[in-house]
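Quick mapping for you: the protein sequence lines, in order, are chains V, B and H.
Quick note, the first sequence lines up with residues -19 to 500 if you use the working numbering.
Quick note, the second sequence lines up with residues 5 to 205 if you use the working numbering.
Quick note, the third sequence lines up with residues 766 to 907 if you use the working numbering.
Every residue, glycine too, gets a C-beta built ideally from N, C-alpha and C.
Nothing here was measured: the structure is a model prediction, and the numbers come from that model.
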Amino acid sequence: MLDIQRRKAMQKLVLLGGGMALFSTLDVQAKMLEKDVPKWDEEYDAIVVGSGYAGTAAMLSMMDKGLKNVLMIDKMQYMGGNSSISGGSYAMSRTSIQKENGVVDDPEMHIKDTLKSGHNLNNPEMVRIMAYEGLDAFNWLVDNGVKWKLFSRSGGHSAPRNHSVGVGSYITMPLQEQIIKRGGQQRTRIIMDELVYNDKGIVIGMKVREKYEFKFDRAFDENDNKTGKVKYYRANAGVVLATGGWAADPKVRQIFDPSLTPNMPTTNHYGATGYTIQKLIKDDVDLIDMQYIQIMHVTSADEDSFGFAFRTITSGYSFGMMINPKTGRRFVNEIADRKISSDAIFAMNEGGKNHPILFMDVNGAKTVEIDELQRGIEAGAVYQFETLDEMIAKFNINKEPFLEELKKYNSYVKAGKDPDFNRTFSKYKGATITIEQPPFFAARPGPKIHHCMGGVHTTVNCEVFNKSGKLIEGLFACGEVTGGRHGYNRLGSNSVVDCIVFGRRAGFAIAERYQKMVRS
Amino acid sequence: MKKIIIITALVSFCVTLVFVWGGIKVVKATGDAPFCGACHSWDGLIAQTHLQDPIHGNANPKGVQATCTECHLPHSSLVAYLGVKAKNGIAEGWTTLTGDASKKDWLANREHARKNYTYDSSCLACHSTLLDKANQEAFKEESSSKMHLKYIAFQETKEAMQCTSCHKFVGHKDLGETLFKHNDTRPESWDEWEKQRKEKK
Amino acid sequence: MKQLWKQLLISMVLLGGFYTVAMAANESGSLSATPNLNDKYSAKNYPIEGVHQKLGLTCKECHSEEKAEDYSSAMKATCFKCHENYEKLQERTGHLGHNNNIHASPHFTNIDCDLCHKSHQPSQNLCVQCHGQKTMKQLIVK
């Protein structure tokens, strides 16, 4: 009797043991631990993953605080990711450029605009930090070789406070030149596969693949990309994650917002996949606001990705008028934020069959740099018409109501009030601009998936929370990969501020951690 | 009789001296920018790219430079040199007087010019030890030696290459960009844009 | 009792096997953008075309890694042994004009050559992914 019972018990135990072992093998991609590392191939004091605005700012800032043996990696064959192709525009009040242009502005207005667009879902302390500390960061950029070129007003901002360098790489490149000059290392084609934790749960390094070959195919799942050679890098004071967003990843973005179908266009470069964010989920990192992914309407439907018409369209929203060609009438406040405007455009563009027409006259067009305008024309995204009739014919605009609407619009501009949509009219060199003088310049805005407001949950010093609300020591995050700064919707030009301000904070935080470790 | 022979010989000697000395002077003077550029007034722009070239042109910091004919006429022999010079001189004189330089697509012409108006013998006239170097033990591992050995191997075959098959941009700095910019009539400022519009009307 | 130990042994062996397979699958290998082949790294499976072929270049003249299975196309330094540097490349494509000079991107400097130029696969144009003007679309990447 006892024999059979014992037998049965043993069998049960074996099955149970086997079952438990099996269960853990199913989750082979659980956190990687120090004991699993065969040997460390390289050792650094800190490693930054991602080389855009945030990563670069974090890297240079930790070097500012004295760290020397530091590395910044990027999985792509080029540095800078989305930052390099973005507009490079920084929203800030109280700058000398604002003063030169006679603009009255202050951080409280900036905060108000940001919270309004974010539907008050933003972390108010973080917004306050961006609006106030952002001026110091602005000047820090100038000290490191960044040159501001253009000054304008972006949708959702109550005052002109957008300072642009021309293109984002004109911010990342001068900073990266500084990094190299001062002995920091930056390398392409290295992808982080796993963070490595010690037995106390502290991040002490990472598993990477060198000579990684990114595949430029939006339908290809990056998890299937097995190129590269595995190496292990130790990071003594820890890791700063600045891996950006996932707007270009058709699978991952749909998990969080099912309306973002695979065939929807995006402004993002191919590298903006959900590869890292998926790893972070598996590593028990806390994410917030993941369902808020922004669609931007400052790009042309006649061009792929970010394209060339962007600056003309931005000016168009400030100095021109947008209509539905079928009705001939306006349908939204042109200078509203991206969420309001994109939603309005989606509501009328019949899935791409009825694009809106945004147009200005020659005085509005002159607010755009001529080579930018010409590039837009060369790309077939900006149109020039000698007469309104030409434009009406080309886009099949409903003539009578359109001409009536145009008359109304011009009267609103002259009166300084828009009773239809509450638009505030921007000034150029002290005066508002009507649409009266030919030739006329038009574009067809087409919203594209652009920015992930949500992401890693961090403190104001970029320390990362796990799902149980505890901080993961040795792990920092900044830039688009984080969440909480922008809430429901991000204002244009606030992202660069977020990345630089919090990139610096991450750099300072990890430097401080390193100094503490060295002293103890 | 003797007197006549001696005088004839002396006179002939002097005349020859004058002609040869003068001839050399003429050949030299007609071989450099000021002369070439006088007719080649449109490719004066092209000549300018040569002036800016920091290796074979006037912008060379050490002062070493090649004149137009040092590259654009063969140096395999004096006969070849003078013969091609004469031939080109006549042909180009004719086209300059009868043709319109501004109508020619100089950008597309670069390949034709490279093939027909550059000569390996002129490169080798200065870079004379290049091909020997390729064969030497000490320089065997350099990529340039390996490539030059291929060049030697291909000589006289249908795969034969010219120096300019690989060294395409010798002597004229930013030639492609300069020619493109010249062809590009788009305005560079709003004022220019206004001016162009007025002129069109 | 003996039966039980036998069972235990068998299940442990099976489990061990499963673990090994799982671990191996988790570890990523080296360059494998192409499928498995026998005598993988022969010239037949990785042919070279164009001028590189005319000049009779061999694997070792571009790939600097020791073992063939470690060969990667990430070899900017080797490309520059003949193709000098980015300034020269910019000059070479200067005739395309500012908007189409793919070697003078305002966005990215020092891009790895093999992003666009591939010897054993079709080449691709990076810039045209965002900038689709006709003149860019017509560019042929060698």
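{"Item": "Closer than 8 Å at the beta carbon, the chain B residues around K346 of chain V", "Value": "W194"}
{"Item": "Cβ neighbours of K191 of chain V in the same chain (closer than 7 Å, five flanking residues each side left out)", "Value": "R169, G208, K209"}
{"Item": "Completely contained alpha helix (DSSP H) runs for the stretch 100 to 126 of chain V, where each covers 4 or more residues", "Value": "104 to 123"}
{"Item": "Proximity below 7 Å, CB of L338 of chain V to CB of A227 of chain V", "Value": "no"}
{"Item": "Cut-off 8 Å between Cβ atoms - residues of its own chain near V15 of chain B, not counting five sequence neighbours on either side", "Value": "none"}
{"Item": "Contact set between the stretch 151 to 170 of chain V and chain H, restricted to residues whose Cβ is under 8 Å from the partner", "Value": "M153, T168, R169"}
{"Item": "Residue nearest to S125 of chain B in terms of C-alpha spacing, selected from B:Q166, B:K185, B:M5", "Value": "B:Q166"}
{"Item": "Listed by chain order, chain V residues near P871 of chain H by CB distance under 8 Å", "Value": "G146, V147, S149, Y150"}
{"Item": "Cutoff 7 Å: F39 of chain B Cβ touching any chain H Cβ", "Value": "no"}
{"Item": "Euclidean distance between Cα positions of N187 of chain B and G48 of chain B", "Value": "15 Å"}
{"Item": "Own chain partners of K397 of chain V with C-beta closer than 6 Å, once the 5 adjacent residues on each side are dropped", "Value": "none"}
{"Item": "CB of M72 of chain V within 7 Å of CB of F118 of chain V, strictly", "Value": "yes"}
{"Item": "Proximity to G146 of chain V [Cα-Cα], best of V:Y468, V:Y70, V:K306", "Value": "V:Y70"}
{"Item": "For R310 of chain V, three-class secondary structure by DSSP", "Value": "strand"}
{"Item": "Within 7 Å, strictly: CB atoms of N103 of chain V and G464 of chain V", "Value": "yes"}
{"Item": "According to DSSP, residues forming a beta bridge with C432 of chain V", "Value": "V:I273"}
{"Item": "Presumed contact (8 Å Cβ cut-off) between G344 of chain V and I413 of chain V, rounded CB distance", "Value": "5 Å"}
{"Item": "Short-range partners of chain B found in the stretch 343 to 375 of chain V, where Cβ spacing is below 8 Å", "Value": "K346, I350, D351, Q354"}
{"Item": "Beta-carbon gap between V232 of chain V and Y213 of chain V smaller than 7 Å", "Value": "no"}
{"Item": "Residue burial classification, L455 of chain V (beta-carbon count within 10 angstroms, cutoff 16)", "Value": "buried"}
{"Item": "Q156 of chain V to T36 of chain V span [Cα, whole Å]", "Value": "7 Å"}
{"Item": "Which listed residue (V:G308, V:K161, V:S64, V:E113) has its alpha carbon closest to that of Y150 of chain V", "Value": "V:S64"}
{"Item": "Proximity test, Cβ basis, 7 Å: F286 of chain V and chain H", "Value": "yes"}
{"Item": "With 16 other Cβ atoms within 10 Å as the buried cut-off, status of L751 of chain H", "Value": "Residue 751 of chain H cannot be examined here, being either before or after the span of chain H that is shown, 766 to 907."}
{"Item": "Cβ of E856 of chain H within 7 Å of any chain B Cβ", "Value": "yes"}
{"Item": "Distance CB(C895 of chain H)-CB(F286 of chain V) smaller than 7 Å", "Value": "yes"}
{"Item": "Inter-residue CB distance, L221 of chain V and A26 of chain V (contact presumed, cutoff 8 Å)", "Value": "No, L221 of chain V and A26 of chain V are not in contact; Cβ-Cβ is about 12 Å, not under 8 Å."}
{"Item": "Own chain partners of D173 of chain V with C-beta closer than 8 Å, once the 5 adjacent residues on each side are dropped", "Value": "M186, K187, V188, R189, V210, K259"}
{"Item": "Cβ contact check for the stretch 26 to 38 of chain B and the stretch 62 to 76 of chain B: 3 or more pairs under 8 Å", "Value": "yes"}
{"Item": "Chain B contact for H848 of chain H (CB, 7 Å cutoff)", "Value": "no"}
{"Item": "Pairwise C-alpha distance: L130 of chain V and H90 of chain V", "Value": "19 Å"}
{"Item": "Q354 of chain V classed as buried or exposed, judged by whether at least 16 other C-beta atoms fall within 10 angstroms", "Value": "buried"}
{"Item": "Reference Y494 of chain V; option with closest CA among V:S97, V:L47, V:E23", "Value": "V:L47"}
{"Item": "Proximity to H171 of chain B [Cα-Cα], best of B:K119, B:E203, B:G103", "Value": "B:K119"}
{"Item": "Cβ-Cβ distance between S97 of chain V and G136 of chain V below 7 Å", "Value": "yes"}
{"Item": "Which of helix, strand or coil DSSP assigns to D93 of chain V", "Value": "helix"}
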